[in-house]
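Notes to accompany the following structure.
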Amino acid sequence: MKKTLLLVTLCCLCLGFTFAVSAGEKKASYNIALAVYGTKGEYVQMWINAMAEHPAVKSGLAKTTVFDGEYSHIRQDDQFNTIIAQKFDAAIFIPIDSTAGGATVKKSVEAGVPVVGSNGPVTSDLIVSYIGSDDVEAGYLVGKAVIKAMGGKGNVVILEGPVGQTGPMQRGEGMLKALAENPTVKVLESKTANWSRNEAMDLMQNWLVSHHDQINGIFGQNDEMALGALAAVKSAGIQPVIPSAGIDGISDAVRAVSRKEMLISVRQDAFTQSQGALDIALRHLIGPEYKPMSECWKLYPEMPWGDGTAKLYSVPWTIVSPDNADKFLEEER
Amino acid sequence: MNGTSFNTRQFFQKYGIFLVFIVLCVVMSFLSNVFFTSMNIRNILMQVSINGILSIGMTFVIITGGIDLSVGSVTAMAGMVGASFVAGRHPGPLVAGIGMGLVAGILAGALSGFIIAKFRLPAFVVTLGMLSSARGYCQLYNNGMPIPNLSDEFLFIGQGHIYGIPMPVVIYLSLVVISWFCLRYSRYSRYVYAVGGNEKSARTSGVNTARIIFSVYLISGLCAGIASLILTARTTSALTQAGNGYELDAIAAVVVGGTSLSGGVGSVGGTFIGVLIIGVLNNGLDLLGVSSYWHQIIKGIVIVLAVLLDSFTSKRSNS
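From first to last, the protein sequence lines stand for chains C and P. Residue numbering for the first sequence is 0 to 332, as defined by numbering that gives the first Met the number 0. Residue numbering for the second sequence is 0 to 318, as defined by numbering that gives the first Met the number 0.
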């Protein structure tokens, strides 16, 4: 009996809240769900940590809850049911699968929870906005830099991300684009090392045996794998090291660039993708009088805030080279 | 039945998997002219060392009829713990990094073993729980971030050489020899086989079965701790997502090596061959430039074929 009473009270409270919102009254605090595809990687951790530093989160204007999708679309879809049931004010979504994520967004928006996309694109025109970086371009930048260091000729190997995911496919597309512009450069091998440094090290060791000294460049679809391949090159005693480049800008890669072992890392800006997404969500909930609170909008002249309602915010990639690597290392501390 | 034919069958039963390995090597050396080079053989041994060490612990566990699904996560966790003592600008002494990594592995194994032995829960469930918890702890330990900047003496474990032999290979081969002797000649090993063969009759004949079961998970945890040192030193950072799926590679190697999943049968020598078969296969398919898709299909087929052949020869000799 007591339980029923409690439930009824809770329901009334919830209804009250709903009315309050629909009446257009401003809330003191907004509950934002952070539906991320998985929390194991360093990148998503940086993204989550950046969110915790957002001025709106610190001041209590936004209350965020992380939903760990555990690298499964089904898991993410289930979590959106919870997000809808708990009546979150908005969700920020990093999908594991951009195509399947479209239906999830539709469900959420129809149930009254607006969705802001971040980091990975989702195939849907119902999202409030998407803030992320173009993976095709990142692959292209890696390809261009390595080919340039090779003097525009020779053979390369490509370390691919997990088969069938959107990110690796797009990064691969960009790499092929760079190769198409330099038809003299041949791809000797292209195989997955599943984002893993250790797997890439084994793979590269084997390739160094089967291709002796024919490998002139290494394309890593992420930094972890580029670092693994680099370690194999170093342990085989090859001097100078084969030019290699990766994507993400993780700290180990930045250090390797600073030591001039790795050519470049194409750095993805977790801070901007994360904090920018929250500003966009709050602008959508509060209205035009909301002014963005994050510092990230001052970073890129080519990505202005506007009035916070653009459909696409394309966060530029930053090339980490020996010239600026130390700056990034200092920022980390 | 005359003596010679009996011996042939026994030979096949005992060394069938070894023949599979020889055939695989011969095929590979025909397909790739670099397969049989000292450089490549060193690479193979290096690449199998981590899976090999995990498989040693797994062999003990599976002989008792159990299973340890947590080894991959425990490896990652022990790596984080160990690395944290030798990281940064003022790293601690090498012995702290090694010691704490091993302790973390042993504690995780001991906890699983205690719960399995004390409360008689299925090992599958308990170690599945440990798989998840250890991975979570791994992320909790350093707020989800990797631990880079490890001291050079620690990195030596994964990257150094002794008389031209890589350290991981030195460690792995010594562990194979030690555990081979232990499992062949010690009284302890007879209890391990007895528990796996028939736990009830082992107990009635006076074996402290709970203690034996507890001990094999502890050994598996210790092996995960040792593997973590190599893995962390090889990748130069402790990574939270390291060791994902390693448990399945270890189980595959043990089973290919002729250890029965129902317990009571198995050997470290067999597991060694099982580890090599999987290692040679991975290496060979990379050398031949086989695509990722086919790589997985072929690997799956060879694992099943090897066990099929093994069960075929042992059934024939039993009848």
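Positions of the beta carbon are idealized from the N, C-alpha and C atoms, including for glycine. This one's a predicted model, so the numbers in the text were calculated from it and none came from an experiment.
Paired residues, beta bridge with residue i - DSSP
i	result
Asp67/C	Val35/C
Ile217/C	Val156/C, Ser243/C
Ala319/P	The first residue shown for chain P is 0 and the last is 318, placing residue 319/P beyond what the model contains.
His160/P	Pro165/P
Ser117/C	Ile130/C
Asn30/C	Lys62/C
Listed by chain order, chain C residues near residue i by CB distance under 7 Å
i	result
Arg88/P	Here the premise fails: no neighbours, minimum Cβ distance about 11 Å.
Asn282/P	Asn205
Asn42/P	Gln204, Asn205, Val208
Residue i - containing beta strand (DSSP E), residue span
i	result
Arg74/C	No beta strand (DSSP E) contains Arg74/C, which is instead part of the alpha helix (DSSP H) from 72-84.
Asn50/P	From DSSP, Asn50/P is part of no beta strand (DSSP E) but of the alpha helix (DSSP H) over 37-62.
Ser313/C	311-313
Ile373/P	Because residue 373/P is not part of the residues shown, which for chain P are 0 to 318, the question remains open.
Ala241/P	Premise fails: Ala241/P is in no beta strand (DSSP E) and is neither H nor E.
Glu188/C	184-191
Val43/C	Looking at the DSSP string, Val43/C is not in any beta strand (DSSP E); the run it does join, the alpha helix (DSSP H), is 41-51.
Val334/C	There is no way to answer for residue 334/C, as the model of chain C reaches only from 0 to 332.
Val265/C	263-266
Phe92/C	89-92
Chain P contact residues for residue i, given Cβ-Cβ distances below 9 Å
i	result
Trp206/C	Asp285, Leu286, Gly288
Ala230/C	Gln158, Arg233, Thr234, Thr235
Ser117/C	Simply none; closest approach about 17 Å.
Continuous alpha helix (DSSP H) stretch holding residue i: start and end
i	result
Gly138/C	134-148
Thr231/P	208-234
Glu288/C	Where Glu288/C is concerned, there is no enclosing alpha helix (DSSP H), given that its DSSP letter is neither H nor E.
Ile177/P	166-184
Ser107/C	97-109
Phe113/P	93-118
Arg254/C	250-257
Ser209/C	196-209
Gly268/P	267-286
Asp325/C	324-331
Ser259/P	Counting along the chain, Ser259/P falls outside any alpha helix (DSSP H), and DSSP gives it neither H nor E.
Proximal residues of chain A, C-beta to C-beta of residue i below 8 Å
i	result
Asp251/C	Absent here is chain A; the protein component of the structure consists of chains C and P.
Contacts that residue i makes with chain P (C-beta to C-beta distance below 7 Å)
i	result
Met200/C	Arg233
Glu180/C	What Glu180/C touches in chain P: nothing, since even the nearest Cβ is about 24 Å away.
Glu188/C	Gly288
Partner residues on chain C for residue i, Cβ-Cβ distance less than 9 Å
i	result
Ala241/P	Ser195, Arg196, Asn197
Leu230/P	Asn197
Chain-ordered chain P contacts of residue i [CB-CB under 8 Å]
i	result
Thr191/C	Ser291
Val162/C	Ser291, Tyr292
Is the stretch 114-122 of chain C touching the stretch 141-156 of chain C in the sense that three or more CB pairs, one from each, lie closer than 8 Å?
These segments do not touch.
Could you please tell me which residues of the stretch 298-327 of chain C, in chain order, have their CB closer than 7 Å to any CB of chain P?
Taken residue by residue, none of the stretch 298-327 of chain C has a beta-carbon sitting less than 7 Å from a beta-carbon on chain P.
Whether or not the stretch 100-109 of chain P and the stretch 204-218 of chain P are in contact is what I'm after, with contact meaning three or more pairs of Cβ atoms, one per stretch, closer than 8 Å; do they touch?
For the pair of segments examined, the stretch 204-218 of chain P was found to touch the stretch 100-109 of chain P: the number of CB pairs separated by less than 8 Å reaches three.
Would the stretch 248-257 of chain C count as touching the stretch 172-181 of chain C if we require 3 or more Cβ pairs under 8 Å?
Output reads no: the stretch 172-181 of chain C does not touch the stretch 248-257 of chain C.
Could you say if the stretch 58-71 of chain C and the stretch 306-317 of chain C meet the contact criterion of at least three C-beta pairs nearer than 8 Å?
The way I'd put it, the stretch 58-71 of chain C doesn't touch the stretch 306-317 of chain C; fewer than three beta-carbon pairs between them come closer than 8 Å.
Of all the residues that make up the stretch 23-39 of chain P, which are near chain C by a beta-carbon distance shorter than 9 Å?
Result list: Ser31, Val33, Phe34, Thr36, Met38, Asn39.
If you pair each beta-carbon of the stretch 189-196 of chain P with each one of the stretch 127-137 of chain P, do three or more pairs fall below 8 Å?
With a cut-off of 8 Å, the stretch 127-137 of chain P and the stretch 189-196 of chain P do not count as touching, because too few Cβ pairs lie within range.
Beta carbons nearer than 7 Å to chain P: which residues of the stretch 26-48 of chain C have them?
Listed in sequence order: Thr38, Lys39, Gly40, Glu41, Gln44.
Can you give me, in chain order, the residues of the stretch 91-110 of chain P that have a beta carbon less than 8 Å from any beta carbon in chain C?
For the stretch 91-110 of chain P, the beta-carbon criterion of a distance under 8 Å to any beta-carbon of chain C is satisfied by none of its residues.
For the stretch 233-257 of chain C, which residues have a beta carbon sitting closer than 9 Å to at least one beta carbon of chain P?
Answer set for the stretch 233-257 of chain C: Lys233, Ser234, Ala235, Ile249, Ser250, Asp251, Arg254.
Check whether the stretch 20-34 of chain P and the stretch 81-96 of chain P are in contact - that is, three or more C-beta pairs closer than 8 Å.
The answer is no - the stretch 81-96 of chain P does not touch the stretch 20-34 of chain P, with fewer than three Cβ pairs under 8 Å.
With three or more C-beta pairs closer than 8 Å as the rule, is the stretch 238-248 of chain C touching the stretch 208-224 of chain C?
Contact between the stretch 208-224 of chain C and the stretch 238-248 of chain C is present: 3 or more CB-CB pairs across the two stretches fall below 8 Å.
Taking 8 Å as the cut-off, does the stretch 270-288 of chain P touch the stretch 49-61 of chain P (at least 3 CB pairs, one atom from each stretch)?
Enough Cβ pairs lie closer than 8 Å, so yes.
I want to know whether the stretch 228-236 of chain P touches the stretch 223-236 of chain C - three or more CB-CB distances under 8 Å.
As far as the Cβ criterion goes, the stretch 228-236 of chain P touches the stretch 223-236 of chain C, which means the pair count is three or higher.
With a threshold of 8 Å, are at least 3 pairs of Cβ atoms found where one atom belongs to the stretch 262-276 of chain C and the other to the stretch 286-306 of chain C?
Between the stretch 262-276 of chain C and the stretch 286-306 of chain C, the count of Cβ pairs shorter than 8 Å is three or higher; the stretches touch.
Count the C-beta pairs between the stretch 47-59 of chain C and the stretch 98-118 of chain C that are closer than 8 Å, then say yes if the count reaches three, no if not.
Result no; under three Cβ-Cβ pairs closer than 8 Å.
Should the stretch 197-214 of chain P be regarded as contacting the stretch 137-150 of chain P, the criterion being three or more beta carbon pairs within less than 8 Å?
Taking a contact to require three or more Cβ pairs closer than 8 Å, the stretch 197-214 of chain P and the stretch 137-150 of chain P do not qualify as touching.
Does the stretch 74-85 of chain P come into contact with the stretch 296-308 of chain P, if we say contact requires no fewer than three beta-carbon pairs (one atom in each stretch) closer than 8 Å?
In short, these stretches do not touch, since the Cβ pair count stays below three.
Do the stretch 128-144 of chain C and the stretch 261-268 of chain C meet, that is, are 3 or more Cβ pairs less than 8 Å apart?
The stretch 128-144 of chain C, when compared against the stretch 261-268 of chain C, does touch it at the 8 Å Cβ threshold.
Okay, do the stretch 219-226 of chain C and the stretch 186-201 of chain C touch, 3+ Cβ pairs below 8 Å being the bar?
Contact holds: three or more Cβ-Cβ distances are below 8 Å.
Taking three-plus beta-carbon pairs below 8 Å as touching, is the stretch 89-98 of chain C in contact with the stretch 24-31 of chain C?
At 8 Å Cβ cutoff, the stretches touch.
Are at least three pairs of beta-carbons, each pair with one atom in the stretch 67-76 of chain P and one in the stretch 243-250 of chain P, less than 8 Å apart?
Contact between the stretch 67-76 of chain P and the stretch 243-250 of chain P is present: three or more C-beta pairs spanning the two stretches fall below 8 Å.
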